[in-house]
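Here is the structure we will look at.
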Amino acid sequence: MTCSASDSEKIVINCGGIRHETYRSTLKTLPGTRLSWLTEPDAYSNFDYDPKSDEFFFDRHPATFAFILNYYRTGKLHCPGDVCGPLFEEELAFWGIDETDVEACCWMNYRQHRDAEEALDSFETPEPDAPEDDPALTGGADGDLKRLCMQEDGRRATWWEVWQPKMWALFEDPYSSKYARYVAFGSLFFILLSISTFCLETHEAFNTIYNKTETVIIGNTTRDEIVYEVVTDGWLTYVEGVCVIWFTIEVMLRVIFCPDKAEFFRSALNIIDFVAIVPFYLEVALSGLSSKTAKDVLSFLRVVRFVRILRIFKLTRHFVGLRVLGHTLRASTNEFLLLIIFLALGVLIFATMIYYAERIGADPDDPTAAAHTNFKNIPIGFWWAVVTMTTLGYGDMYPETWSGMLVGALCALAGVLTIAMPVPVIVNNFGMYYSLAMAKQKLPKKRNKHIPRAPQPGSPNYCKPDALAMATASPHRLMGNVIGPGMVGSGSIMGTGDCPLAQEEIIEINRADSKQNGDAAANAAALANEDCPTIDQVLGDERSPATGGLGSTTSRERYPHDRACFLLSTGEFQRTTDGNVRKVLSF
């Protein structure tokens, strides 16, 4: 089969200043993608084409484009090892390539950082706030509103609206202010003091044994019995009482000023607070009673004192490493299950082997054949197998025959190999999560963002001054303002007809089955970037006042919470290609 003249024609693509040359037939191998659109007749008018140099220009990452183009040539998509996974993910979204096409050898490298960031989202350490006198952060309208205690709608904020977030941050965010740091240090001190008191209460030097004589009446018989009672030194009880008072005040204030009460009571750390406090108050309330029921309850409460040790988990609020450890254990659940399965199989096998190995050479007159050994049955061998496979070796049980010693050697060797296999995966997870957590914690706080100048006529961004203000607008708002009755824009968003953009991207933004594994609005906006011959890059949300003059009211004022999208003029229609990417044609 011979290629046609058009298929053998070469196309020059300038990506980020680096020229790439390939055949038209190569770009047709993945229909429905952005590069495949370059092979269509209207590509010279829909893309940034330079007739002098006979090349298409894309202002994208040049290093990743080589891997994208190589995918068209070989049919295999590999991820560069020196490029961050999220960056390559954005490039795939722009070029219209599904991330599931990444080869298996590069998939872990591609998803490593994204998976780690998703795991860290739930416990990301808040960044320390800048000093209050920093004009770069407190200036402007937002700073004026905070100083005047005014809301965005102009009304004066109530006492609760002003102090609720401050008090909540005081106990929840140690980085919010210097007073929050003092509270955090105080909480840390009382946690350590309470745990130390709990440990000292069990030492015999701080316990005194008293004997009491009680009269016991049984029927018509009365007799005296001596009852021994262990009493802890009073000063330890007073210290514990002070700690409980601190924890009680802390919990009450956190409950009062918590913005989400339901989420607060679902937190494991908050449940630990309640469980550790309640037994102390019950013990104090019942200590003056002399009934048998009260004494039984007191005995039970003394047993459940161990829940106070759970306060050690509250340290996770102050140490990032402890939170990383907890999330590492949750993220390594599969590895732990694999370790447990390996260990269980080894324990079962070697416990059975040692049971029968120890019976070799037993006394013929012994009906049980177990008088000379400690391995009376297989369940007892489970304990020996666990101790041996974990290389603890307590020495309470050991084989006494040559066959049993051989089984013991194999058991120890198998334990070392079995436990060593999943551990490196868990260690790598902890190292990756901890490095990312430290990087986020040490990341400097972003100050004033760069505000691009107003696009000039003829510039790549001239036709989309309000792009960012429209990205997340609701479908009803977009259809009402852009398409409107009679397919004519009813609001000032459309402005003039300078930009050849249409409602196709509005529909694509809200598609639940977007081909990319990310924000549908971001993907649709990226794919619309080159559909307009005068569009280059997405503008930032901060822009010059001159860019908002498409009507009497800017879109920022109308939609303060909206971001960027791209709109095609209503005179255009959509056509579905063979791939998952929507292509827009104009005529």
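Residue numbers (UniProt numbering): 1 to 587. All C-beta atoms, glycine included, are put in the ideal place defined by N, C-alpha and C. Source: prediction; values computed, not measured.
With a cut-off of 8 Å on the beta carbons, I'd call residue i and residue j a contact; round off their distance for me.
{"i": "F65", "j": "C79", "result": "13 Å between Cβ atoms; not a contact."}
{"i": "T316", "j": "L322", "result": "4 Å"}
{"i": "L30", "j": "I11", "result": "No, L30 and I11 are not in contact; Cβ-Cβ is about 14 Å, not under 8 Å."}
{"i": "F375", "j": "R308", "result": "Going by Cβ atoms, the distance from F375 to R308 rounds to 40 Å, so no, they are not a contact pair."}
{"i": "I272", "j": "F313", "result": "6 Å"}
{"i": "T215", "j": "T222", "result": "6 Å"}
{"i": "P62", "j": "C106", "result": "About 19 Å separates the two Cβ atoms, so there is no contact after all."}
{"i": "W168", "j": "P259", "result": "6 Å"}
{"i": "A351", "j": "I378", "result": "5 Å"}
I'd like the span of the alpha helix (DSSP H) that includes residue i, first residue to last.
{"i": "F171", "result": "159 to 172"}
{"i": "T197", "result": "178 to 200"}
{"i": "T64", "result": "62 to 74"}
{"i": "V427", "result": "423 to 442"}
{"i": "Y228", "result": "Not the alpha helix (DSSP H): Y228 falls in the beta strand (DSSP E), residues 221 to 232."}
{"i": "L35", "result": "Neither: L35 is in no alpha helix (DSSP H) and is coded neither H nor E."}
{"i": "V304", "result": "Element bounds for V304: n/a, residue is neither H nor E."}
{"i": "V324", "result": "320 to 331"}
{"i": "D363", "result": "First-last for D363: undefined, no H or E at that position."}
{"i": "I309", "result": "Per DSSP, I309 belongs to no alpha helix (DSSP H) and is neither H nor E."}
{"i": "A420", "result": "402 to 420"}
{"i": "K261", "result": "261 to 266"}
{"i": "T388", "result": "378 to 389"}
{"i": "L87", "result": "85 to 95"}
{"i": "A43", "result": "43 to 46"}
Going by the beta-carbon positions, is the gap between residue i and residue j smaller than 7 Å?
{"i": "V162", "j": "L170", "result": "no"}
{"i": "R114", "j": "G85", "result": "yes"}
{"i": "S187", "j": "C243", "result": "no"}
{"i": "W95", "j": "R34", "result": "yes"}
{"i": "E103", "j": "K76", "result": "yes"}
{"i": "H20", "j": "L69", "result": "yes"}
{"i": "V324", "j": "Y434", "result": "yes"}
{"i": "F247", "j": "I277", "result": "yes"}
{"i": "Y49", "j": "F56", "result": "yes"}
{"i": "F257", "j": "Q164", "result": "yes"}
{"i": "T401", "j": "I349", "result": "no"}
{"i": "E201", "j": "L253", "result": "no"}
In the DSSP assignment, find the beta strand (DSSP E) that holds residue i and state where it starts and stops.
{"i": "H56", "result": "The amino acid occupying residue 56 in the given sequence is Phe; His does not appear at that position. Run containing F56: 55 to 58, per the beta strand (DSSP E) assignment."}
{"i": "V102", "result": "V102 -> no beta strand (DSSP E), and no H or E assigned at all."}
{"i": "residue 671", "result": "The requested residue 671 does not occur in the structure, where the chain is confined to residues 1 to 587."}
{"i": "D218", "result": "What sits at residue 218 in the sequence shown is Ile, not Asp. Segment 207 to 218, the beta strand (DSSP E) holding I218."}
{"i": "E21", "result": "18 to 23"}
Roughly how many whole angstroms lie between the Cα atoms of residue i and residue j?
{"i": "P475", "j": "D98", "result": "For P475, the pLDDT reaches just 41, beneath the cut-off of 50, and the residue's location in the model is therefore unreliable, although a value from the coordinates is still provided. Roughly 25 Å between the two C-alpha positions."}
{"i": "I426", "j": "E118", "result": "17 Å"}
{"i": "N429", "j": "V347", "result": "27 Å"}
{"i": "V387", "j": "D82", "result": "45 Å"}
{"i": "L406", "j": "T391", "result": "16 Å"}
{"i": "G486", "j": "F47", "result": "For G486, the predicted model reports a pLDDT of 40, less than 50, meaning its position is unreliable and no value from the coordinates is stated."}
{"i": "A389", "j": "Y398", "result": "Per the sequence shown, the amino acid found at residue 389 is Met instead of Ala. Cα to Cα, M389 sits roughly 13 Å from Y398."}
{"i": "E283", "j": "I354", "result": "50 Å"}
{"i": "V275", "j": "A268", "result": "11 Å"}
{"i": "S403", "j": "W384", "result": "16 Å"}
{"i": "T418", "j": "A357", "result": "22 Å"}
{"i": "S287", "j": "Y281", "result": "10 Å"}
{"i": "V423", "j": "E335", "result": "8 Å"}
{"i": "E204", "j": "K212", "result": "19 Å"}
{"i": "M421", "j": "L339", "result": "8 Å"}
{"i": "I245", "j": "V239", "result": "10 Å"}
{"i": "R330", "j": "T158", "result": "42 Å"}
{"i": "D396", "j": "S332", "result": "33 Å"}
{"i": "I18", "j": "D54", "result": "14 Å"}
{"i": "T293", "j": "E250", "result": "32 Å"}
{"i": "D42", "j": "E90", "result": "26 Å"}
{"i": "E9", "j": "F67", "result": "22 Å"}
{"i": "T373", "j": "P367", "result": "13 Å"}
{"i": "S177", "j": "K166", "result": "9 Å"}
{"i": "F189", "j": "G241", "result": "14 Å"}
{"i": "F342", "j": "V416", "result": "11 Å"}
{"i": "P364", "j": "Y394", "result": "31 Å"}
{"i": "I218", "j": "I226", "result": "16 Å"}
{"i": "G408", "j": "L337", "result": "25 Å"}
Output yes if chain B places a C-beta closer than 7 Å to the C-beta of residue i; else output no.
{"i": "T33", "result": "In the structure shown, chain B cannot be found, because there is only a single protein chain."}
Less than 6 Å separating the Cβ of residue i from some heavy atom of the ligand NAD?
{"i": "I360", "result": "The model depicted lacks the ligand NAD and carries no ligand whatsoever."}
Inset, instruction - Determine, using beta-carbon pairs with one atom in the segment 406 to 418 and one in the segment 299 to 306, whether at least three such pairs fall under 8 Å. - result: no
Legend entry - Cβ pair count under 8 Å reaching 3, the segment 224 to 236 against the segment 201 to 211: yes
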